[in-house]
Ligand code: HEM
Ligand code: SF4
Ligand code: SF4
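Protein chains in written order, with the numbering used here: chain A, 544 to 770; chain B, 2 to 337; chain C, 58 to 595.
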């Protein structure tokens with residue numbers, strides 16, 4: 544079903560995750576999730592999967608609001624993986640994380656998915672709170688979507704479980720964010736070190752006044768980079 | 002605002018012409034004076050703009066290369082993306098001007114992560130632009146029948162292909178409808194693609210609305226308020242031979258159509274519609290990528306202050322000697 | 058960092074789906090930290106005889122402009138409209154079709170609408186309309202024309218130092234409108250007011266007096282090269298003794314100075330040295346013309362010319378027959394499209410002929426300067442090099458087309474041919490991200506500073522994302538390129554986005570694969586890292 548997804552790729556209606564080129568065909572993920580998912584098997588899991596499209600739309604909205612006004616327009620557009628990497632990383636990432644939450648175990652894989660999004664957020668000149676509030680907002684969005692159904696006792700227990708999973712996700716997101724920021728500083732330092740390394744090496748071995756080499760050959764500095 | 006402004010402006014133009022002819026009987030003004038003025042403005046303005054562009058020189062050879070350069074004989078050059086001589090440049094320009102190649106290149110078949118083929122939305126820009134321009138051209142050519150006593154040979158061809166859906170009488174010309182549709186699409190995309198909407202100016206909506214207006218009035222004349230083509234031809238030939246006459250029996254709708262066309266003509270040289278002429282002058286497209294083969298001359302190249310080797314050696318002579326680098330003036334210290 | 062954020066969940070859920078309701082003319086510029094570079098130091102501007110030399114900071118309210126700055130700017134604009142057809146035409150004919158809008162890496166990675174190429178141009182067009190067109194003078198704002206106020210100047214400055222002059226937008230524009238060309242002229246105008254950035258002005262001042270961007274003095278250059286020779290000796294057992302400023306050499310070799318001091322460019326320099334030694338090439342380095350790159354080009358046409366003049370002057374002084382150029386992107390933009398026009402004719406030299414293969418480089422017959430990828434591809438084609446590509450077997454290599462050689466020259470298949478000859482595992486990135494559609498490293502045109510690191514990471518994301526794709530699909534662990542800025546900045550980019558991918562120059566891999574006469578068995582690569590499977594034998 545080679546639907547020309549992008550007929551209206553720039554229109555807002557086309558940005559709905561799950562409506563785009565990755566998995567609008569929610570069918571393509573569902574069977575796989577169901578076969579192992581604990582939450583997937585639960586009543587809550589089934590309900591949420593039914594509401595997936597609405598939830599993901601709201602969730603995408605929530606992340607987009609973090610960006611300065613106007614900057615998110617392009618990211619909402621469901622472009623292709625290479626022409627709109629930012630937008631597609633975010634929307635397909637959210638969808639996969641959501642799927643991950645409905646299945647279990649989800650932790651390891653979700654961190655990887657979160658990493659893709661948070662890594663982008665960490666260089667958008669946003670405060671951490673701004674960058675990460677989207678994770679929290681999933682709780683609110685889910686409750687909104689559940690409406691009256693959340694009163695159901697059985698559901699409510701499952702909901703609590705899900706929410707603590709989201710809390711865990713938030714913490715991971717924070718860790719990733721901090722790592723990204725640290726990385727930026729390391730990169731700056733590494734870059735300066737790389738740029739000056741040979742000069743240091745030379746300073747170590749030549750007499751800068753008359754330009755003659757002083758140190759014997761083989762006297763090498765070693766460069767260490769932080770990873 | 003910008004959009005509303007364009008609509009109001011065109012509507013106002015329609016009303017002016019309609020009222021002028023219907024109530025004030027200004028047929029001569031709208032049938033003769035305005036068209037002459039518009040054509041004069043168009044021609045003079047067009048020439049002025051092109052001459053103005055032409056009067057700025059092209060100091061550097063700056064083609065944008067879209068493909069492999071001509072270098073070693075065994076490496077296949079992309080002659081149309083990266084031309085190295087005039088013939089190849091003509092080929093490149095031909096593709097640009099007649100097929101809108103750059104816009105087409107925008108279109109790429111993509112494999113998405115789920116391995117399905119999708120097409121970029123840009124395909125539609127290319128499609129709409131090219132249909133718009135060609136239907137516009139055909140409609141223009143069709144109009145030549147009013148300006149020549151006997152129909153030129155290409156008219157029959159156009160007409161027979163164009164109107165091959167003979168739906169009732171008069172024949173429905175496809176081009177008119179397609180022109181309208183493609184213009185409407187170009188307009189619509191300015192509204193619903195957020196980025197394009199953000200960059201659009203009144204000057205972008207106005208010509209589109211104007212052209213929609215021209216197309217609608219034209220079609221109205223053809224299919225609804227049938228106009229006496231013989232009289233129109235008399236008027237047109239009169240204009241052409243500088244012996245203007247205003248024949249009887251032409252409805253106001255014709256004058257509205259003519260007025261909108263006149264406005265388009267007059268507006269043309271003032272606006273971005275000049276891309277028609279400009280595309281031919283664009284240095285990134287119309288130059289051969291031969292800057293290492295033939296020296297390109299900059300007419301205003303002027304001498305500049307440089308740091309000469311002598312100054313450099315004076316600064317560093319000792320260090321150079323120390324490092325075993327040959328110098329021009331051995332034994333000279335500090336420039337003395 | 059952006060101001061404090063304190064939205065409630067309720068506020069968060071109120072979303073504006075569209076671009077800002079307000080038009081771009083009503084959205085004032087906000088100088089975001091980590092997005093712009095520091096202002097140029099007065100002493101550097103003065104050293105270059107540039108106007109309004111003083112220390113200044115873009116973050117300050119007061120930019121210390123001359124009294125009549127508007128007049129200077131507008132007069133400068135008028136002058137350039139008369140001097141550059143490109144400028145006048147590009148101010149006039151854009152139809153705002155939006156084809157270029159989503160092609161700029163800064164827009165793709167950061168989303169700021171003013172980073173759409175068409176809007177970047179409109180920022181200046183609005184001034185053009187106001188002061189140089191009838192409709193703009195008459196209708197003002199309605200015709201999207203606006204006065205040149207200090208805020209408008211700042212906005213222009215902010216966004217014109219967020220363009221790497223990569224020409225990607227030009228490739229997609231039906232009229233070839235090239236924002237790079239507009240940015241070049243915009244930056245010339247800023248320089249009339251002393252508004253350069255330090256990361257450009259500093260290197261330019263160095264280059265002017267000392268001969269190269271980093272300010273390597275002659276003895277530093279020779280010792281730097283000597284160190285490379287030490288390392289080469291360790292790797293191959295062969296001692297190389299290159300010459301400097303030697304009169305009567307057949308060929309002058311000019312490389313970007315980045316290759317002389319910054320890793321991983323230094324390994325590329327080692328590759329050059331090994332190749333030339335193996336060929337027995339009669340060539341010399343120059344300490345005077347020790348910079349092929351040209352940050353002057355990011356300042357003004359005149360400054361570009363002033364720095365570039367040294368290359369022909371030195372070729373003439375040394376009496377060489379032709380010039381060979383190393384791996385650098387914007388260096389080749391200048392050499393290919395500008396040098397001959399600025400400082401030619403080079404009639405004191407001969408049409409370049411490879412002394413090894415006898416090939417006449419007809420494509421360089423006027424400028425008399427050959428790209429080393431052309432030179433090496435020709436050697437390999439004629440079977441003049443003995444290569445052992447398996448020495449690069451531990452590398453899964455992809456190729457980054459640098460902007461300038463791709464879109465201002467078309468040097469695409471020569472380096473690929475070389476690359477495929479020296480390594481066995483080569484994988485292309487996706488089609489829309491290579492060749493003439495290549496994505497910029499995000500740090501070109503002097504924007505490779507550290508204070509604007511977030512801008513660089515955002516701008517480089519489209520490139521990094523494509524690398525990530527080939528890493529995941531093919532296990533790519535090395536991206537090779539022919540640009541000194543790339544070698545420095547892609548490294549940083551990879552460290553952030555795709556940490557396990559390294560960066561190399563083309564001739565580093567050539568150096569690894571090159572079988573030299575009389576060499577010892579190689580156990581190390583040029584980085585002095587043991588070659589897998591070979592180290593044990595030592
Ligand atoms: C290389 C050749 C040309 C190309 C690539 C080209 C492309 C375009 C594009 C992309 C548009 C904008 C559509 C939009 O509004 O989004 C346009 C509009 C237009 N073009 Fe062309 N064009 C070319 C030549 C011409 C010529 C020869 C004419 C002669 C009449 C012309 C007349 C117009 C008109 C009347 C419009 C519509 C007004 C508007 O869009 O504002 N064009 N063209
Ligand atoms: S592609 Fe060209 S004509 Fe279209 S908006 Fe961009 S610069 Fe203007
Ligand atoms: S030249 Fe490159 S950086 Fe500048 S606007 Fe165009 S695409 Fe963006």
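Quick reminder that beta carbons are idealized off the backbone N, C-alpha and C, glycines included.
To the nearest angstrom, report how far apart residue i and residue j are at their CA atoms.
i             : j             : result
residue 252/C : residue 354/C : 15 Å
residue 679/C : residue 137/C : Any question about residue 679/C goes unanswered here, given that chain C covers just 58 to 595.
residue 51/B  : residue 278/B : 7 Å
residue 167/C : residue 663/A : 9 Å
residue 577/A : residue 677/A : Model confidence at residue 577/A stands at a pLDDT of 36, short of 50, so the residue's coordinates are unreliable; what they give is reported in the following sentence. Roughly 26 Å between the two C-alpha positions.
residue 589/A : residue 661/A : 28 Å
residue 455/C : residue 547/C : 13 Å
residue 571/A : residue 528/C : Any reading at residue 571/A needs caution, since the residue's pLDDT is 37, under 50, leaving its predicted position unreliable; the model's value is listed next. Distance between the alpha carbons of residue 571/A and residue 528/C: 25 Å.
residue 438/C : residue 574/C : 20 Å
residue 624/A : residue 516/C : 16 Å
residue 340/C : residue 407/C : 15 Å
residue 424/C : residue 127/B : 39 Å
residue 386/C : residue 680/A : 45 Å
residue 717/A : residue 585/A : 29 Å
residue 610/A : residue 644/A : 25 Å
residue 595/A : residue 637/A : 11 Å
residue 349/C : residue 364/C : 9 Å
residue 328/C : residue 563/C : 8 Å
residue 696/A : residue 667/A : 42 Å
residue 294/B : residue 383/C : 19 Å
With burial defined as no fewer than 16 other Cβ atoms inside 10 Å of the residue's Cβ, what is the status of residue i: buried or exposed?
i             : result
residue 157/B : exposed
residue 301/B : exposed
residue 429/C : buried
residue 721/A : exposed
residue 78/B  : buried
residue 672/A : exposed
residue 524/C : buried
residue 701/A : buried
residue 8/C   : No answer is possible for residue 8/C: it lies beyond the span of chain C, which begins at 58 and ends at 595.
residue 445/C : exposed
residue 320/B : buried
residue 128/C : exposed
residue 263/C : buried
Under the assumption that residue i contacts residue j (Cβ atoms under 8 Å), give the Cβ distance between them as a whole number of angstroms.
i             : j             : result
residue 142/C : residue 54/B  : 6 Å
residue 285/C : residue 332/C : Not quite, the Cβ-Cβ distance comes to about 13 Å (not below 8 Å), so this is no contact.
residue 21/B  : residue 27/B  : 4 Å
residue 18/B  : residue 257/B : 4 Å
Residues near ligand 2, criterion Cβ-heavy atom distance below 5 Å: In chain order, the hits are 151/C, 152/C, 153/C, 154/C, 156/C, 157/C, 175/C, 230/C, 234/C.
Scan the segment 201-229 of chain C for residues whose Cβ lies nearer than 7 Å to a Cβ of chain B and list them as they occur along the chain. Cβ contacts with chain B come from 201, 224, 227, 228, 229.
Under 7 Å, CB to CB, which of the residues in the segment 496-521 of chain C have a partner in chain A? So the close ones are 507, 510, 511, 514, 515, 518, 519.
Closer than 8 Å, Cβ to Cβ, to anything on chain C: give me those residues from the segment 202-228 of chain B, in chain order. Residues of the segment 202-228 of chain B whose Cβ lies closer than 8 Å to any Cβ of chain C, in chain order: 202, 203, 204, 205.
Looking at chain C, which residues of the segment 665-676 of chain A have a Cβ within less than 8 Å of any of its Cβ atoms? The segment 665-676 of chain A vs chain C, Cβ under 8 Å: 666, 667, 668, 669, 670, 672, 673, 676.
What are the residues in the segment 697-731 of chain A lying within 7 Å of chain C by C-beta distance? Listed in sequence order: 726, 727, 730, 731.
Just by C-beta distance, which residues in the segment 132-154 of chain C are closer than 7 Å to chain B? So the close ones are 138, 139, 140, 141, 142, 143, 145, 146, 149, 150, 151, 152, 153, 154.
If contact means a Cβ-Cβ distance below 9 Å, which residues of the segment 536-566 of chain C contact chain A? Flagged, chain order: 545, 546, 548, 549, 550, 552, 553, 554, 556.
Under 9 Å (Cβ pairs) to chain C, residues found in the segment 188-200 of chain B: From the segment 188-200 of chain B, only 190, 191, 194, 195, 196, 197, 198, 199, 200 have a Cβ closer than 9 Å to chain C.
Pull out every residue of the segment 60-89 of chain B whose Cβ sits closer than 9 Å to any Cβ of chain C, in chain order. For the segment 60-89 of chain B, residues whose beta-carbon sits nearer than 9 Å to a beta-carbon of chain C comprise 60, 61, 62, 63, 64, 65, 66, 67, 68, 69, 70, 71, 72, 73, 74, 75, 76, 77, 78, 79, 82, 83, 85.
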